[in-house]
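Colleague:
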Ligand code: TXA
Ligand code: MG
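Numbering (this note's numbering), first residue to last: 7 to 337.
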């Protein structure tokens with residue numbers, strides 16, 4: 007049966023060279039970013055991009071984010087306007103994706119799923135940047151996880167979710183270990199196709215409050231056009247166990263995902279996103295905790311579902327709730 011064989015590589019000069027070679031040859035590799043790990047390939051090479059879709063089991067209508075080393079580089083492919091330059095100046099390299107009109111509609115036919123727009127981003131991760139700077143093409147890189155499953159914020163979690171996964175073809179998948187992703191939650195996606203009406207398509211590490219504090223106004227009225235952000239399908243980021251949100255007290259057969267100091271004892275598995283209730287720390291632990299719970303669930307069935315404590319719906323809390331809510335939706 008065709009399957010994925012993955013291999014972990016520790017960072018070194020020769021490892022980086024090897025990964026650059028793989029990408030130049032049209033192979034898919036896994037690279038660390040500050041948000042989550044990415045499954046990367048040459049965005050201009052449809053054959054390479056097709057491997058991303060096959061490895062993830064991702065529907066072809068769901069476009070990929072295009073990553074580059076600089077605004078000058080991404081300008082070759084996307085139509086930047088004043089507001090886009092300003093957002094780039096403030097937040098790049100960093101956890102922000104801008105949806106902009108393409109320069110040429112024939113570019114990225116597969117990576118952009120046939121849309122006239124592309125999502126572009128410059129990640130703030132030294133390893134990723136050094137690799138993408140060594141290439142003469144941009145990288146398409148969705149989160150490095152099978153479609154609809156949890157994103158991964160460390161190399162081991164990537165390996166666990168892909169190794170020996172049965173797919174439509176045999177693939178060697180090198181994973182570059184860059185440690186834990188510091189942000190831990192995917193980039194905020196802003197539809198910036200109309201500079202007068204910026205909209206948040208996916209809440210992420212950069213919050214509406216933070217955008218406002220930089221004088222960036224977000225348009226919150228529902229769009230009359232149907233925005234295609236298929237990654238915002240209801241069920242997404244789903245582990246194998248059921249998730250219940252906004253629970254005050256867990257049942258004995260439930261694992262407990264909580265936030266902040268706890269004033270009762272729970273006799274099943276307890277994972278605290280942040281002992282001090284810090285939302286930044288909570289975001290950085292979210293996917294790693296869910297991966298760990300999934301491993302326990304699959305190997306021991308020590309709990310039958312996950313109860314999640316109420317998470318404040320402010321700032322980064324909104325992005326954390328978004329991921330947990332989508333993970334809680336029934337298949
Ligand atoms: O932090 C991140 O953004 C990570 C790292 C690896 O960069 N990447 C990531 O990619 O989360 P992915 O493929 O898991 O999520 C990308 C989302 C999807 O929901 C996709 O539908 C949306 O971006 N997207 C991509 N291009 C788009 C476009 N042109 N218009 C609307 N949505 C788009
Ligand atoms: Mg994803």
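C-beta atoms are modelled at their ideal positions from N, C-alpha and C, and glycine is treated no differently.
1) According to the neighbour-count rule (16 or more other Cβ atoms, all chains shown, within 10 Å of its Cβ), is residue 151 buried or exposed?
2) Assuming residue 191 is part of the beta strand (DSSP E), what are its boundary residues?
3) Where does residue 30 fall in DSSP's three states?
4) Less than 7 Å between C-beta atoms, sequence neighbours within five positions excluded: which residues of the same chain meet that for residue 288?
5) Using DSSP bridges, identify the partner residues of residue 39.
6) Taking residue 113 as the reference, which of 154, 76 and 50 has the closest Cα?
7) Does the beta-carbon of residue 195, which I'm using as the reference point, lie nearer than 8 Å to any heavy atom of the ligand TXA?
8) Can you round the beta-carbon distance between residue 173 and residue 249 to whole angstroms, since I take them to be within the 8 Å contact cut?
9) Rounded to a whole number of angstroms, what is the C-alpha to C-alpha distance between residue 29 and residue 316?
10) Taking the C-alpha atoms as reference points, what is the distance between residue 104 and residue 270?
11) The ligand TXA and residue 70: does any heavy atom of the ligand fall closer than 8 Å to the residue's C-beta?
12) For residue 323, I'd like the list of residues in its chain whose CB is within less than 6 Å of its CB, leaving aside the five on either flank, ordered along the chain.
13) Leaving aside the five residues before and after residue 153 along the sequence, list all residues of the same chain whose C-beta is less than 6 Å from its C-beta, in chain order.
14) Alpha carbon to alpha carbon, how far is residue 159 from residue 310?
15) Would you be able to state if there are at least three C-beta pairs under 8 Å between the region 113 to 126 and the region 217 to 227?
16) Which two residues bound the contiguous beta strand (DSSP E) that contains residue 123?
17) Relative to the C-alpha of residue 115, which candidate in 83, 196, 277 and 135 has its C-alpha closest?
18) Name the DSSP bridge partner or partners of residue 107?
19) Are residue 182 and residue 41 touching if we call contact CB-CB under 9 Å?
Modeller: In terms of the structure at hand:
1) By the 10 Å Cβ count, residue 151 comes out buried.
2) It is not in any beta strand (DSSP E) - residue 191 carries neither H nor E in the DSSP assignment.
3) Judged by DSSP in its simplified three-state form, residue 30 adopts helix.
4) When the five nearest sequence neighbours on each side are left out, the beta carbons in the same chain lying within less than 7 Å of the beta carbon of residue 288 are those of 265, 279, 280 and 326, in order along the chain.
5) Partner residues in a beta bridge of residue 39, as assigned by DSSP, do not exist.
6) Closest option to residue 113, judged by alpha-carbon separation, among 154, 76 and 50: 50.
7) Yes, the beta carbon of residue 195 sits closer than 8 Å to at least one heavy atom of the ligand TXA.
8) So it is not a contact: roughly 26 Å between Cβ atoms.
9) Spanning the alpha carbons of residue 29 and residue 316 requires a straight line of approximately 43 Å.
10) Roughly 43 Å separates the two Cα atoms.
11) Under cutoff, so the answer is yes.
12) So the qualifying residues of the chain are 285 and 317.
13) Annotation for residue 153: 62, 63 and 64 place their beta carbon closer than 6 Å to its own, counting only its chain and skipping 5 residues before and after.
14) So the two alpha carbons sit approximately 25 Å from each other.
15) As far as the Cβ criterion goes, the region 217 to 227 does not touch the region 113 to 126, which means the pair count is below three.
16) Where residue 123 is concerned, the enclosing beta strand (DSSP E) stretches over 123 to 127.
17) The candidate whose alpha carbon is nearest that of residue 115 is 83.
18) Per the DSSP secondary-structure output, residue 107 pairs in a beta bridge with 123.
19) In this structure, residue 41 does not lie closer than 9 Å to residue 182 by Cβ.
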